[in-house]
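Trainee: If you scroll down you'll find the structure; I have some questions about it.
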Amino acid sequence: MKSSNSEISVLKSGNENRIYYLDFARCLAMFLVIFAHCFVNSSDVRLYIYAFHMPFFFVVSGMLHKQGKQNLKRLLFPTLFFVLLFITLSIPLYQSGIWSFEELYSREKPDDWFSTLYMSIWFTVCGIIKGGKFANHYCWFLLVLCGCKLLMELYFFLKIKISYIYLFFMFVLFWSISMLFQIRILWIANVLMAFPFYYVGYYSKNIMGYFVKWKYHYIFFPMSLVMTILLTIINGRVSMMGCDFGITPNYLSPILFYLNGIIGSIMLFSISPSFEIKLCTKLSRSLISILGFQGLFIPFIIGKVSIIEALGMTFVLLVICYYLHSFTVKMLPIVYQQSN
2 MKSSNSEISV LKSGNENRIY YLDFARCLAM FLVIFAHCFV NSSDVRLYIY
52 AFHMPFFFVV SGMLHKQGKQ NLKRLLFPTL FFVLLFITLS IPLYQSGIWS
102 FEELYSREKP DDWFSTLYMS IWFTVCGIIK GGKFANHYCW FLLVLCGCKL
152 LMELYFFLKI KISYIYLFFM FVLFWSISML FQIRILWIAN VLMAFPFYYV
202 GYYSKNIMGY FVKWKYHYIF FPMSLVMTIL LTIINGRVSM MGCDFGITPN
252 YLSPILFYLN GIIGSIMLFS ISPSFEIKLC TKLSRSLISI LGFQGLFIPF
302 IIGKVSIIEA LGMTFVLLVI CYYLHSFTVK MLPIVYQQSN
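Here the sequence shown stands for residues 2 to 341, where the numbers follow this note's numbering.
Okay, structure coming up:
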């Protein structure tokens, strides 16, 4: 029992063990997110990165799950801020033709500024409710993460009253119905698609504590890398935002998707303890901001850069978004539920 508690502290405290493997892994995954967003959906870069990078974030989020309404506020407030900021800054960009209103909302751009503002807000509200595109739709992850947190709280409540086997069959039933009929309202299908990763993360945190301390953990990297590449070739393009499990037959693609997501997460975890970069601690604490602020820059560069240029732009955007986060924390602490 003592060792179990010590392993949990490795994940939830601010000590060096967490800094040197969990924070680095999150920063590496965030780097891959921005890097992939520099390319259009049909690119091979997105094909391989999308196979595991979002599953990894849900696994890590499950490992760091904490109960309480305050944790939901720390997700919802930044989401609201980044969506409103995007809408405000996008109006002149749409009107000047620098950004494409039609590309995001699949509607013709209104002629005047006020109508553009009104329609941006309207389509964003509809997109959030219906589970579709909205202003700064890169924040969809935060909405789905809120759903995973609520579902985990429901699980904790029900497991006291209902046996695990009934809970499992209830989840499989609701999961199957939501995927079959694509129930996207309030991102229900997305939440159910992501929850298995969140659940695995929550219950594997102690195992991961032992894994990163094992001196041969790095041998899992080449094995998991090869397996991830092969599974991606077999299963094809996936999308957690679009609830797309892949190109294999319906009964097989979810299995390959979840398997690839777990293996890809192990791949990132296996190399993380080998790097002791304290800067990653600061970046890790600003990941929500990086996710939100990147949406202001990606439209300027998506599909317009080479792989080498995208690597450089990704480093630049990480730095810019980090300093924007620091500025926002100082000037608007309420966004992150902090006090001056």
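We put the CB at the ideal spot given by N, CA and C, even for glycine.
How would you write the range of the alpha helix (DSSP H) that I360 sits in, first residue to last?
Mentor: The requested residue 360 is not part of the displayed model; the chain covers only 2 to 341.
Trainee: With a CB to CB cut of under 6 Å and the five nearest residues on each side skipped, what residues in its chain are close to K214?
Mentor: The residue you call residue 214 lines up with position 213 of the sequence shown. There are no such residues.
Trainee: Here's the rule: buried if 16 or more other CB atoms are within 10 angstroms of the residue's CB, otherwise exposed. What is S97?
Mentor: Translated into the one-based positions of the sequence shown, residue 97 becomes position 96. Exposed, since its Cβ has fewer than 16 Cβ neighbours within 10 Å.
Trainee: Taking the alpha helix (DSSP H) that V317 falls in, what are its first and last residues?
Mentor: Here residue 317 corresponds to residue number 316 of the sequence shown, with the count starting at 1. Where V317 is concerned, the enclosing alpha helix (DSSP H) stretches over 308-332.
Trainee: Which stretch, first to last residue, makes up the alpha helix (DSSP H) that contains E343?
Mentor: Beyond the ends of the chain as shown, which are 2 and 341, falls residue 343; an answer cannot be given.
Trainee: What residues in its chain sit with their C-beta under 6 Å from that of I299, if we drop five residues either side in the sequence?
Mentor: Looking up residue 299 in the sequence shown gives position 298. The answer, listed in chain order, is H38.
Trainee: Please classify S91: does DSSP put it in a helix, a strand, or coil?
Mentor: What you label residue 91 is simply residue 90 of the sequence shown in a count that begins at 1. Reduced to three states, the DSSP call for S91 is helix.
Trainee: Whose C-alpha, out of G132, S287, I267, K305, is nearest the C-alpha of F328?
Mentor: The sequence position of residue 328 within the sequence shown is 327, counting from 1. It is S287.
Trainee: Is it right to say V317 is buried, meaning 16 or more other beta carbons lie within 10 angstroms of its own, or is it exposed?
Mentor: Looking up residue 317 in the sequence shown gives position 316. Classification for V317: exposed.
Trainee: Under 8 Å, do F196 and F270 count as touching if we go by C-beta distance?
Mentor: The residue you call residue 196 lines up with position 195 of the sequence shown. The residue you call residue 270 lines up with position 269 of the sequence shown. Not in contact: F196 and F270 (Cβ atoms no closer than 8 Å).
Trainee: List the DSSP bridge partners of S240.
Mentor: In the sequence shown, residue 240 corresponds to position 239, counting from 1. In DSSP, S240 forms a bridge with D245.
Trainee: On the three-pair Cβ rule with 8 Å, is the segment 112-119 touching the segment 84-100?
Mentor: yes
Trainee: With distances taken Cα to Cα, identify the nearest neighbour of S307 among D24, V41, V201.
Mentor: Residue mapping note: residue 307 aligns to position 306 of the sequence shown, counting from 1. When the alpha-carbon of S307 is set against those of D24, V41, V201, the nearest one is in V41.
Trainee: Where does I230 sit, in a helix, a strand or coil, going by DSSP?
Mentor: Counted from its first residue, the sequence shown places residue 230 at position 229. Looking at I230 - three-state DSSP - the assignment turns out to be helix.
Trainee: For I303, I'd like the list of residues in its chain whose CB is within less than 8 Å of its CB, leaving aside the five on either flank, ordered along the chain.
Mentor: Along the sequence shown, read from residue 1 onward, the residue named residue 303 stands at position 302. Only H38, C39, F40, V41 meet the Cβ criterion.
Trainee: Between the Cα of H326 and the Cα atoms of F25, P250, H218, L292, which residue gives the shortest distance?
Mentor: As a position in the sequence shown, residue 326 is number 325, starting the count at 1. Answer by Cα proximity: L292.
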